[in-house]
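In what follows, a structure is listed as C-alpha cells, so that the remarks can point back to it.
Protein chains: 2
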Amino acid sequence: MSCPLPALDFDIISLGHGSGGLLTNKLLVEAIFKLFHNEYLDQHHDGAVFELNGPTAFSTDSFVVSPIFFPGGNIGERAVNGTVNDLAMCGAIPRFLSLSLILEEGLKIEDLWRVLVSAKEASERSGVQIVTGDTKVVDRGKGDLIFINTAGLGTLHTNAKIGFDRIKKGDVIVTSGTLANHGVAILSVREGLAFESPILSDTINLNHKIKSMLDDFGIKIHFLRDPTRGGVATVLNEIAINSKLGISIDEASVPVKPEVQGACEILGLDPIYIANEGIFLAIVSADISEKLLETMRSKYNLGEATIIGEIVEDHAGKVIMNSSIGGKRVVNMLLEISFQEFVRVH
Amino acid sequence: MSCPLPALDFDIISLGHGSGGLLTNKLLVEAIFKLFHNEYLDQHHDGAVFELNGPTAFSTDSFVVSPIFFPGGNIGERAVNGTVNDLAMCGAIPRFLSLSLILEEGLKIEDLWRVLVSAKEASERSGVQIVTGDTKVVDRGKGDLIFINTAGLGTLHTNAKIGFDRIKKGDVIVTSGTLANHGVAILSVREGLAFESPILSDTINLNHKIKSMLDDFGIKIHFLRDPTRGGVATVLNEIAINSKLGISIDEASVPVKPEVQGACEILGLDPIYIANEGIFLAIVSADISEKLLETMRSKYNLGEATIIGEIVEDHAGKVIMNSSIGGKRVVNMLLEISFQEFVRVH
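In order, the protein sequences belong to chains Y and E.
Residues 9 to 354, numbered by the working numbering, are exactly what the first sequence covers, in order.
Residues 9 to 354, numbered by the working numbering, are exactly what the second sequence covers, in order.
Now the structure itself:
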C-alpha cells in the first residue's frame, strides 16, 4: 500500500469519531485530511470554493455495497468511479468530488484506511479532486460498516450534446464491453461460489474514454448511460420510455464472458439484468457506427465494444429482444428481486 | 400537509425499491420526481446540467439523526437546512442541492413522504432547487430508517471574503441566537424527559440572513460558522487553532434560554458543547460590532444576537472562558462522549 496507515491511538471507530469533537478532529486531521490533501481541503472550512465557468454537470450517488471488499475492488474506489462515471455520462469532464462517510461503530480503522486509500487512488486515476466531505458514525447495528456518498461536478465537454431528446430512429446502441461482471463478482462472494478463474468486478473510471469519444465524434454521440443497477435491460427500458421510441436488441450480439455466462446459468440469472460498473452504453448516429466501433477497439482499448441493437419507431417505449433462435420477446425492467443480494451491489 | 401522499401500491419500503428496477422506478416517477419536479430533475438523467459562473462553494453533509422526527423538525428539513447553512457560512448564496437517500427495509412510505415533503418545503424556504439525487435501500437492521446526504452548490456573494486568514486580533465574536436548543430537544426525547414548555430544535435555514449581513457589512465579516456538532466550544477551538490566535469568551454573555439551561443542569451538560442547528457565529471587525448587533436585532429579526467574546493575541490556539464569578478556564474541544446519544443529533 502506497499510503501507510498513520499512527492513531485507536484501532476501531467509536461513536466519539462522529461527535464533532476531539476524536473526529483527530481522525480528520491526522488521517483523512492528510491522505486527500489539496488546496481546497486544506482550508478545513465547511465547504470548498473554486471557480466554475460554463455548463456544469452535478451528480450524486450513495454506495451501500456489501461486502465492502469484493473481487476486483472495494466500496472506496466504487464510490469515486460511480460519480465520476455518472458525470461522464452527462458529457462532462469530472473535476471536483465530495466524499461523505457513514461509519458503523466498531469498524476497523485498518479497513477504513484501505477504503480511503482506494478512493484516493481512484480519484487520481480519474483526475478529480476530493475537495469537501463529512464523517458520521452510527451505533453498532444501525449501519453496515461503511456507506459512502459522493457528489461531483464536471465541466461539460464543448462537443457534448447528450439527452433523451437527441435519440432518433436508426441510431445504433453500442456497449463498451461485456455485461454482468460486477454483479456476478459480488453474488459469487455472497453465495460462496468458487469458480476456476475468479470473476472480478469491472469497477473502473470511464471518463477518459468518454472524453476521447466526445473529442473524436462530438454531437454524433446522442446518449450515454452506464448500466449499473438493474443492468442493461432496465437502462434500455428507461431510454425507450424517455425517448418515446422503440429499442431492438440482438441477443446473439450481447457480449458476456463465458465464465460470467456460466455463473449466470448456475444461478438462474439473466446477464442483461445484472449490474455493471465498468461499461457504458452509447447511442450514436448510424453513420459513425463502424468508424466508432473500430476506434473504440483500437484507440480506446475497448476490445469488446459491440453493437447490440438499434433505435426503431415501432413498439415505442418498449425493448424487444431478437433471440438467437429467431424469436422475439419483450424485455421488461427488472421486475422482482429474485436474488435479494443483488440489491446491495452498489 | 400540502402535498398528499400519492397512491402507491406499497406502504413500506422493500429491498426492491433499491434494485434500480421497476419498484425503484415507480417510487421515483410516481412520488419523488413529482414532489421535487423542476426543469433539471425532469430530465431523469444521471445528473443535472446548469450554468454556474464565478466563484462557487461546494459542501456536503450526511444526516443520521435519530429519532428522524424530533420536537421542532425532522431529518428531511435538517438535511436541506444543514447544507444550505454550510454554503451560507462560506459566504455563498445556495442554489442547487442533491438529495441522496439510504432507506432501511421496512420504513413506512408515509414516514418517508413526511420527510420528503419537509425537505421540499425547506428547499423552497431557502430558495434552492433539488436537482439530482439517489435512492438506496439496505436490509432491515443494516440502517436506521433514513439516512440522508445532501450536497450543495452556491454562488459566492460578491461582498464575501470569509476565511481563517481574515480573522485578526480585536475582532469580536457574535452569536446570532441562543445556544443548545437542537441538541437538548433531541436529548429530551431520547431520555424521555418532559418539560413544562417543550424544548424545540432550532433547525432553520440561515442563508437569507447571511446574505443580508453580507449585503450590509461585506468584508467587515471575517468569518462565519454554524456551531453544529461539538457545539460552540468545539467550533471556537477550531477557529483558534486554524487562525493561530486566541479566543476569549465571557460566560455571562453566552445566551441560553432558561428552559434549555435548566435541562442542561438536570442532565449535567454544558450548553457550549451542545449541537445547534439554527444559529451562526460571526467573527467581525470591532468597528462594526455595535452597528451589526443593532442591525441583527432590528432588521434581521435576530433578537437574541449577542457579542460573546473577542479574538486576542494571547494564548494562541486556545479558547479561554472568563467565568461569571471572575475566574478563567480553558475551554477544550468536546473530549469525550458523556452522552452517547449526542452523537446522533445530525
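All C-beta atoms, glycine included, are put in the ideal place defined by N, C-alpha and C.
Short CB-CB distance (under 7 Å) between residue i and chain E
i, result
"Phe-347 of chain Y", "For Phe-347 of chain Y, the pLDDT reaches just 48, beneath the cut-off of 50, and the residue's location in the model is therefore unreliable, although a value from the coordinates is still provided. So no, Phe-347 of chain Y is outside the interface."
"Met-341 of chain Y", "yes"
"Arg-237 of chain Y", "yes"
"Thr-183 of chain Y", "no"
"Leu-187 of chain Y", "no"
"Met-9 of chain Y", "Residue placement at Met-9 of chain Y is poorly supported in this model, since its pLDDT is 48, which falls under 50; the coordinates still yield a value, given next. No, its Cβ sits nowhere closer than 7 Å to a Cβ of chain E."
"Ser-306 of chain Y", "no"
"Ile-110 of chain Y", "yes"
"Ser-331 of chain Y", "no"
"Gly-90 of chain Y", "no"
Residue i - containing beta strand (DSSP E), residue span
i, result
"Glu-112 of chain Y", "100–112"
"Arg-233 of chain Y", "229–233"
"Thr-336 of chain Y", "Residue identity check: residue 336 of chain Y is Lys in the sequence provided, not Thr. From DSSP, the beta strand (DSSP E) with Lys-336 of chain Y extends over 336–339."
"Ala-56 of chain Y", "56–59"
"Ile-315 of chain Y", "314–320"
"Gly-254 of chain Y", "254–258"
"Ala-290 of chain Y", "289–292"
"Asn-330 of chain Y", "327–330"
CB contact check: residue i to chain Y, cutoff 7 Å
i, result
"Cys-98 of chain E", "yes"
"Ile-291 of chain E", "no"
"Gly-29 of chain E", "yes"
"Asp-94 of chain E", "yes"
"Gly-242 of chain E", "For the record, residue 242 of chain E in the displayed sequence is Thr; it is not Gly. For Thr-242 of chain E, the answer is yes, since a Cβ of chain Y falls inside 7 Å of its Cβ."
"Asn-250 of chain E", "yes"
"Ser-209 of chain E", "no"
"Ser-106 of chain E", "yes"
"Ser-261 of chain E", "no"
Proximity test, residue i beta-carbon vs the ligand GTP heavy atom, cut-off 6 Å
i, result
"Pro-14 of chain E", "You won't find the ligand GTP in this model; it holds no ligand whatsoever."
Opening and closing residue of the alpha helix (DSSP H) in which residue i lies
i, result
"Val-243 of chain E", "239–251"
"Val-92 of chain Y", "83–97"
"Ser-70 of chain E", "From DSSP, Ser-70 of chain E is part of no alpha helix (DSSP H) but of the beta strand (DSSP E) over 63–71."
"Leu-30 of chain E", "30–35"
"Leu-124 of chain Y", "117–134"
"Asp-215 of chain E", "The displayed chain sequence assigns Asn, not Asp, to residue 215 of chain E. Looking at the DSSP string, the run of the alpha helix (DSSP H) that includes Asn-215 of chain E is 215–225."
"Ala-271 of chain E", "266–275"
"Glu-285 of chain Y", "Premise fails: Glu-285 of chain Y is in no alpha helix (DSSP H) and is neither H nor E."
"Lys-42 of chain Y", "41–44"
"Leu-342 of chain E", "Taken as a continuous stretch (DSSP letters only), Leu-342 of chain E belongs to no alpha helix (DSSP H), as it is neither H nor E."
"Lys-299 of chain Y", "297–306"
Between the stretch 46–78 of chain E and chain Y, which residues of the former have a C-beta closer than 9 Å to a C-beta of the latter?
Tyr-48, Gln-51, His-52, His-53, Asp-54, Gly-55, Ala-56, Val-57, Phe-58, Glu-59, Leu-60, Asn-61, Gly-62, Pro-63, Thr-64, Ala-65, Phe-66, Ser-67, Thr-68, Asp-69, Ser-70, Phe-71, Val-72 and Ser-74
Of the residues that make up the stretch 147–159 of chain Y, which ones have a beta carbon closer than 8 Å to any beta carbon in chain E?
Asp-147, Gly-149, Lys-150, Gly-151, Asp-152, Phe-155, Asn-157 and Ala-159
Decide yes or no for the touch test of the stretch 51–58 of chain E against the stretch 61–72 of chain Y: beta carbon pairs closer than 8 Å, at least 3 of them.
yes
When you check each C-beta in the stretch 120–145 of chain E against every C-beta of chain Y, which residues fall closer than 8 Å?
Val-139, Thr-140, Gly-141, Asp-142, Lys-144 and Val-145
Beta strand (DSSP E) runs wholly inside the stretch 138–207 of chain Y, at least 3 long, in chain order:
154–164 and 180–183
Are at least three pairs of beta-carbons, each pair with one atom in the stretch 104–111 of chain E and one in the stretch 153–161 of chain E, less than 8 Å apart?
yes
Inter-stretch contact (C-beta, 8 Å, three-pair minimum) for the stretch 255–273 of chain Y and the stretch 324–344 of chain Y
yes
Stretch pair the stretch 27–37 of chain Y + the stretch 121–133 of chain E: three plus CB contacts closer than 8 Å:
no
Which residues, taken in chain order from the stretch 208–232 of chain Y, show a beta carbon closer than 7 Å to some beta carbon of chain E?
none
Stretch pair the stretch 167–175 of chain Y + the stretch 72–84 of chain Y: three plus CB contacts closer than 8 Å
no
Across the stretch 286–304 of chain Y and the stretch 216–229 of chain Y, are there enough close Cβ pairs to call them in contact, namely three or more that are closer than 8 Å?
yes
Given 8 Å as the limit, is there contact between the stretch 126–145 of chain E and the stretch 92–104 of chain E, that is, 3 or more CB pairs closer than that?
yes
Do the stretch 182–192 of chain Y and the stretch 261–275 of chain Y touch if we need at least three Cβ pairs shorter than 8 Å?
yes
Taking 8 Å as the cut-off, does the stretch 138–151 of chain Y touch the stretch 267–286 of chain Y (at least 3 CB pairs, one atom from each stretch)?
no
Are at least three pairs of beta-carbons, each pair with one atom in the stretch 43–52 of chain E and one in the stretch 31–50 of chain Y, less than 8 Å apart?
no
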